[in-house]
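Quick note, the sequence shown lines up with residues 2 to 348 if you use the numbering used here.
Idealized CB from N, CA, C, for every residue including glycine.
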Amino acid sequence: MKRVFINVILAYCAIAGWAQENNYTIMANLEPLIKYYRASEKELSDSVYLLDVTTQKPITEKTALPDQTKIELSGYVDSPRIIHLIVFQTFKGWTRNLYVPLFLEPGNIVVNAEAESPDVKGTPLNNAFFPCNRKIKEAVKNGNTELEAQYSADYVLEHKNDLSAVLMLYNMRKKTDEEARVLLNLIEQCGESVRQHPLIESLYKRLNHPLNGDMFKDFTVEYEGKTTRLSDYVGKGKYVLVDFWASWCSPCRAEIPNLIKVYEQYKEKGLVVLGVAINDKPENTLKAIEKDKITYPQILNSQNIAAETYDISSIPTIFLFGPDGKIITHGLRGNDINNKLAEIFGE
Numbered sequence: 002m003k004r005v006f007i008n009v010i011l012a013y014c015a016i017a018g019w020a021q022e023n024n025y026t027i028m029a030n031l032e033p034l035i036k037y038y039r040a041s042e043k044e045l046s047d048s049v050y051l052l053d054v055t056t057q058k059p060i061t062e063k064t065a066l067p068d069q070t071k072i073e074l075s076g077y078v079d080s081p082r083i084i085h086l087i088v089f090q091t092f093k094g095w096t097r098n099l100y101v102p103l104f105l106e107p108g109n110i111v112v113n114a115e116a117e118s119p120d121v122k123g124t125p126l127n128n129a130f131f132p133c134n135r136k137i138k139e140a141v142k143n144g145n146t147e148l149e150a151q152y153s154a155d156y157v158l159e160h161k162n163d164l165s166a167v168l169m170l171y172n173m174r175k176k177t178d179e180e181a182r183v184l185l186n187l188i189e190q191c192g193e194s195v196r197q198h199p200l201i202e203s204l205y206k207r208l209n210h211p212l213n214g215d216m217f218k219d220f221t222v223e224y225e226g227k228t229t230r231l232s233d234y235v236g237k238g239k240y241v242l243v244d245f246w247a248s249w250c251s252p253c254r255a256e257i258p259n260l261i262k263v264y265e266q267y268k269e270k271g272l273v274v275l276g277v278a279i280n281d282k283p284e285n286t287l288k289a290i291e292k293d294k295i296t297y298p299q300i301l302n303s304q305n306i307a308a309e310t311y312d313i314s315s316i317p318t319i320f321l322f323g324p325d326g327k328i329i330t331h332g333l334r335g336n337d338i339n340n341k342l343a344e345i346f347g348e
């Protein structure tokens, strides 16, 4: 009995020691961040809390920020997390969040919240990530996008099995198709823990859509018992200009006269113009077609199907597909459409 009691005490001590080892303390100077964004010292009310970036759930309750803007937060963390240290500001009914990204892990974390390039140190992930992050910010400031991309890619490959690669990948530039391809390639070279992280799984899904030079990706839409596919129009030996639009979208409606014009101008030379209505009630789409006197074919009732297939986050978004079905370009508007078609059809 005595031996069992001793074993229980030893086990308790081991657990207590392990728990202590998993405690964190964040000591943060938030003054630089607040001064950078604050319009009036006396009008804004500040509180601070921690947010888990992956789950988007608070880790701590909002706490009023003292006047000296230096805080200390302590707690327990079972495994490293990507978090935001958030300053929540309120003023006469409106609110905003100022935040510093960092890694929450056991140990003492020191934060100097510079607005453009925060300095976070004291624990392994933060010590690794933030010196590189400052170099990247400096490259951005100097307009050196090649150096920015190189620093980011090198870091990911050096840390492809740890959580800091997740944040680096998530922060990387991905505005162009080429940048998206680079990012996809980097993700595929990472270890399983990085690839399967929820943030990276979500990012990969968003990026893994057809890009310029890729073959079109088909989708199917049902409406009033009829099935329509993008492949009914694309990949049939003609150039196809596809306008993703909606009746409620003013910029979409403003683009339509130009699309009608180029359709009438080039349809005899092998151009098809196709409208794909997304997130729109078919009856409203049909009313807009009649009102705007649209003469080219339409796919109705695609809702989110087409938008998810081609990662369309804003409309109008216009794609140009070649006769073989490959994407020539996308994001065309106004005179860019006219110029591209004149180049193709030799006018």
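From the options, pick the residue whose C-alpha is nearest to that of residue i; which is it?
i    : options                : result
K71  : V183, K176, A114, L51  : A114
N23  : L51, E32, P81          : P81
L377 : P33, L185, L126        : This structure does not reach residue 377, given that the chain is present from 2 up to 348, and the question cannot be answered.
D237 : A150, K175, K327, V167 : Before going further, note that residue 237 is Lys rather than Asp in the sequence given. Ranking the options by Cα distance to K237, first place goes to K327.
K364 : N213, R196, G214       : With the chain running from 2 to 348 in the structure shown, residue 364 is simply not present.
S203 : K176, L170, L51        : L170
N336 : P324, T286, K262       : K262
L287 : I313, I188, R254       : R254
G192 : N109, V167, N134       : V167
L260 : D293, I279, N285       : D293
Hey, could you find the ends of the alpha helix (DSSP H) residue i is sitting in?
i    : result
I261 : 251–267
L200 : 199–208
L126 : 125–142
Q304 : Element bounds for Q304: n/a, residue is neither H nor E.
D337 : 336–346
K218 : Segment: none, K218 is in no alpha helix (DSSP H) and carries neither H nor E.
I290 : 283–292
L187 : 178–190
S314 : Counting along the chain, S314 falls outside any alpha helix (DSSP H), and DSSP gives it neither H nor E.
State the Cα-Cα distance for the pair residue i and residue j, rounded to the nearest angstrom.
i    : j    : result
D68  : E117 : 22 Å
I329 : N305 : 23 Å
H356 : D53  : With the chain running from 2 to 348 in the structure shown, residue 356 is simply not present.
Y234 : E223 : 16 Å
N302 : K227 : 11 Å
A343 : Y264 : 12 Å
I338 : F346 : 12 Å
P119 : V112 : 7 Å
T221 : V277 : 11 Å
Y297 : V88  : 51 Å
N145 : E139 : 9 Å
D215 : G123 : 45 Å
K341 : L185 : 28 Å
Q266 : K58  : 54 Å
I35  : G76  : 24 Å
T310 : L148 : 32 Å
R95  : S46  : Per the sequence presented here, residue 95 reads as Trp, with Arg not at that position. Roughly 11 Å between the two C-alpha positions.
K239 : A181 : 27 Å
S315 : L208 : 15 Å
T91  : P252 : 34 Å
H331 : N213 : 7 Å
P258 : Q299 : 15 Å
A154 : A29  : 29 Å
Per DSSP, which one or two residues make a beta bridge with residue i?
i    : result
R82  : L105
H331 : F320
L52  : P59, H85
E223 : T228
Y100 : I87
Y297 : Y297 is not bridged to any residue.
V235 : None, per the DSSP bridge assignment.
D47  : Q90
A278 : W246
N113 : N30, D120
V241 : V273, F322
T64  : V49
Along the chain, where does the beta strand (DSSP E) that runs through residue i open and close?
i    : result
S75  : 71–77
L168 : First-last for L168: 164–172, but that is the alpha helix (DSSP H), not the beta strand (DSSP E).
V157 : Element bounds for V157: not the beta strand (DSSP E) but the alpha helix (DSSP H), 146–159.
Y25  : 24–30
D120 : 120–122
Give every residue of the same chain whose Cβ lies closer than 7 Å to the Cβ of residue i, excluding the five residues on either side of it in the sequence, and list them in chain order.
i    : result
V241 : Y234, V235, V273, L275, F322
V78  : N23, Y25, L105, E106, P107
Q190 : L158, K161
L231 : F217, D219, F220
P283 : Y224, L301, N302
Starting from the C-beta of residue i, find all residues in its chain whose C-beta is less than 6 Å away, skip the five residues before and the five after it, and write them out in chain order.
i    : result
D281 : A247, S248
A289 : S248
K270 : F346
I319 : D244, L333
C250 : I316
K268 : none
Residues in the same chain with beta-carbon distance under 8 Å from residue i, minus the five sequence neighbours each way, listed in chain order, please.
i    : result
T55  : R82, I83, H198, P199, L200
Y100 : L52, H85, L86, I87, V88
A150 : M173, R174, E180, V183
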